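Here the numbering used here is used: the first residue of the sequence shown is 22, the next is one more, and so on.
Note that beta-carbon positions come from the ideal geometry of N, C-alpha and C, so glycine has one too.
Model, not experiment: these values are computed from the prediction.
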Amino acid sequence: MRAQMEPGSAVGALCAQSIGEPGTQMTLKTFHFAGVASMNITLGVPRIKEIINASKAISTPIITAQLDKDDDADYARLVKGRIEKTLLGEISEYIEEVFLPDDCFILVKLSLERIRLLRLEVNAETVRYSICMSKLRVKPGDVAVHGEAVVCVTPRENSKSSMYYVLQFLKEDLPKVVVQGIPEVSRAVIHIDEQSGKEKYKLLVEGDNLRAVMATHGVKGTRTTSNNTYEVEKTLGIEAARTTIINEIQYTMVNHGMSIDRRHVMLLSDLMTYKGEVLGITRFGLAKMKESVLMLASFEKTADHLFDAAYFGQKDSVCGVSECIIMGIPMNIGTGLFKLLHKADKDPSPPRRPLIFDTNEFHIPLVT
């Protein structure tokens, strides 16, 4: 990529203007666009704010997962079942308590037809394992499997509450047990891409946990991306997070019919990631980025920064633009970028040498 600017240009101010001006043109009323495949994606000013502030919890985290077989609809449905969170209540015909003269338990009847239609890899044994691994404090000996579709859960009476109340609590919590999928994923949508002329299938996953989605059998991990910068940094590292920031800002701007030179966005993403972690353009992020007290004081909480600096005896090198403006000295941009090698006031010019004919014998006396 060739340089487009002259040495000493104020690239920071130009970048801020180039990103800020289209940002003010964005429609402030529209918070959500009806996104692809009936999935709402936050766009506009709120999305730009999320990216620049490096928010850890964004409003609509979406993972785009490419499939190993992207031309098979059944295969896409199968992988969707592996990723999407499925609760026990969604695949059960009924969950009822049964009282016998000498025993009481909860009977779970699985709907095999529903499991078959949803292409889930679930049976009575996997449901038993999920119940034992959940936070219901049910031991493996308390869960029995009868046939293909019946699971019996026998609670144990504890000292604090009677068997009846334990049974009621268990009946209320059992439908919320995750039997398949990733708990952080709320739903997955199969998206059909017809741009190439052929029907290509991919998954749009609403939720976090990029690592688990990439590791799912059937997902092409090397071509799986997320719009959550923090999640990408945690999973793939700082370079991938930098690329995500660039792509997300560009994607948001293009959706609003605006175009920014990629170099401006690259400069912003470099500033946010050059410390090895994603830092937002907030007072907390700037405090980690910069050592200068005057620069931090010029942004937010002026008095607090100045008092802290005075108390701890901090020094300021006064080399940034904000500090130079405060101190009233030339800043290091444009003609202030370079230093003079020869200064007239410190190193005076040598004495004037007399010319050859500059003697009295060559001077013609004036007639008075």
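Secondary structure of residue i, DSSP reduced to three states
i      : result
Val391 : The structure shown does not extend to residue 391, since the chain is modelled only from 22 through 389, so no value can be given for it.
Ile203 : coil
Ala145 : helix
Phe314 : Here residue 314 is Val; the residue named in the question, Phe, does not match the sequence. DSSP places Val314 in helix when its eight states are reduced to three.
Glu27  : coil
His212 : strand
Thr246 : strand
Leu361 : coil
Ile302 : coil
Thr45  : helix
Lys197 : helix
Ala78  : coil
Leu376 : coil
Met274 : helix
Val286 : helix
Asp92  : coil
Asp329 : helix
Ile266 : helix
Asp291 : helix
Ser319 : helix
Ser39  : helix
Cys340 : coil
Gln189 : helix
Asn353 : coil
Ala58  : Low per-residue confidence applies at Ala58: pLDDT is 47, beneath 50, and the placement is therefore not dependable, though the value from the model is reported in the following sentence. Ala58 falls in the helix class under three-state DSSP.
Lys296 : coil
Lys70  : helix
Met279 : coil
Asn381 : helix
Gly33  : helix
Lys255 : helix
Lys309 : helix
Other residues of its chain near residue i: CB distance less than 7 Å, five sequence neighbours each side excluded
i      : result
Cys36  : His285, Leu288 and Leu289
Glu269 : Ile72 and Asn248
Leu191 : Ile127, Leu157, Val174 and Pro176
Ala330 : Val314
Phe320 : Arg304 and Leu307
Ile347 : Leu315 and Ser319
Ala86  : Lys223, Leu224, Val226, Val234, Val240 and Thr245
Cys340 : Asn353
Sheet register partners of residue i (DSSP bridge)
i      : result
Gln87  : Lys223 and Lys241
Ala165 : Cys173
Thr228 : Here residue 228 is Gly; the residue named in the question, Thr, does not match the sequence. Answer is Val206, bridged to Gly228.
Other residues of its chain near residue i: CB distance less than 6 Å, five sequence neighbours each side excluded
i      : result
Val342 : Met352
Glu117 : Leu128
Cys345 : Met352
Glu252 : Asp229 and Leu231
Val119 : Phe126 and Leu128
Ala209 : Lys101, Ile104, Glu105, Leu224 and Val226
Glu114 : Lys130 and Ser132
Gln335 : Val314
Thr237 : Arg103 and Ile104
Leu99  : Arg140
8 Å CB neighbourhood of residue i in its chain, flanking five on each side removed
i      : result
Gly44  : Val66 and Ile69
Ile259 : Thr294, Gly297, Glu298 and Val299
Val32  : Met26 and Leu288
His326 : Val314, Leu317 and Ala318
Ile350 : Val339
Measuring CB atoms only, is the segment 91-100 touching the segment 221-234, in the sense that at least three cross pairs come out at less than 8 Å? yes
Only counting runs of 3 or more residues, tell me where the beta strand (DSSP E) segments fall wholly within the segment 94-158, in order along the chain. 113-120 and 125-131
With a threshold of 8 Å, are at least 3 pairs of Cβ atoms found where one atom belongs to the segment 155-171 and the other to the segment 114-134? yes
Looking at C-beta atoms only, is the number of pairs between the segment 229-245 and the segment 105-116 that lie closer than 8 Å three or more? no
Taking contact to mean at least 3 C-beta pairs separated by less than 8 Å, is the segment 223-237 in contact with the segment 140-148? no
Take every Cβ of the segment 303-317, pair it with every Cβ of the segment 269-283, and state whether three or more of those distances are shorter than 8 Å. no
Under 8 Å, with one C-beta from each stretch per pair, do the segment 200-215 and the segment 66-80 reach the 3-pair mark? no
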